[in-house]
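In this note's numbering, the protein residues as written are 50 to 141.
Presented below is the structure to which this report refers.
Have a look at this one:
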C-alpha cells in the first residue's frame, strides 16, 4: 500500500516539474493555490489523500488544459475510487 501511495505521489511530483501549458493565463494563481496543498500530512489516509488531491485539482479550474491538471485529476480519482471495486484495500 505504501509503495502505491509513494508511486502516485512521485508521479504527481514529476508532473509538477513540467512547465504549465501556454493556455494557462493564471499560472501564478495556480501556483499560489498549490502552496496550500500538502499530501504528506495524510500519511496513508486514503480519504485524506482523496480530499487533498481533489483540492489540488480544483486549483486548475482556470487552467483546465494544463499538463498538471490531468495528473492531479487522475491521482484524485485514484484515491477517491480506492476500494470502490469491493476488494479489501485495507493496508496490512
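Every residue, glycine too, gets a C-beta built ideally from N, C-alpha and C.
Could you tell me if residue i is buried or exposed, where buried requires 16 or more neighbouring beta carbons within 10 angstroms of its beta carbon?
{"i": "residue 88", "result": "buried"}
{"i": "residue 115", "result": "buried"}
{"i": "residue 106", "result": "buried"}
{"i": "residue 117", "result": "buried"}
{"i": "residue 124", "result": "buried"}
Considering Cα atoms alone, identify which of the options is closest to residue i.
{"i": "residue 122", "options": "132, 133, 108", "result": "108"}
{"i": "residue 81", "options": "104, 99, 95", "result": "104"}
{"i": "residue 133", "options": "96, 119, 79, 120", "result": "96"}
Using a Cβ-Cβ cutoff of less than 6 Å, which residues in the same chain neighbour residue i once the five nearest sequence positions on both sides are dropped?
{"i": "residue 130", "result": "none"}
{"i": "residue 111", "result": "75"}
{"i": "residue 73", "result": "112, 115"}
Within the same chain, show all residues whose beta-carbon is closer than 8 Å to that of residue i, passing over the 5 residues directly before and after it, in chain order.
{"i": "residue 101", "result": "86, 87, 88, 90, 91"}
Since residue i and residue j should fall inside the 8 Å C-beta cutoff, what is the C-beta to C-beta distance between them, to a whole number of angstroms?
{"i": "residue 83", "j": "residue 128", "result": "Not quite, the Cβ-Cβ distance comes to about 17 Å (not below 8 Å), so this is no contact."}
Grab me the residues of residue i's own chain with a C-beta within less than 7 Å of its C-beta, minus the 5 sequence neighbours each way, in chain order.
{"i": "residue 94", "result": "none"}
Original post:
In chain order, which continuous runs of the alpha helix (DSSP H) of length 4 or greater are located wholly inside the segment 107-139?
Top reply: 116-129
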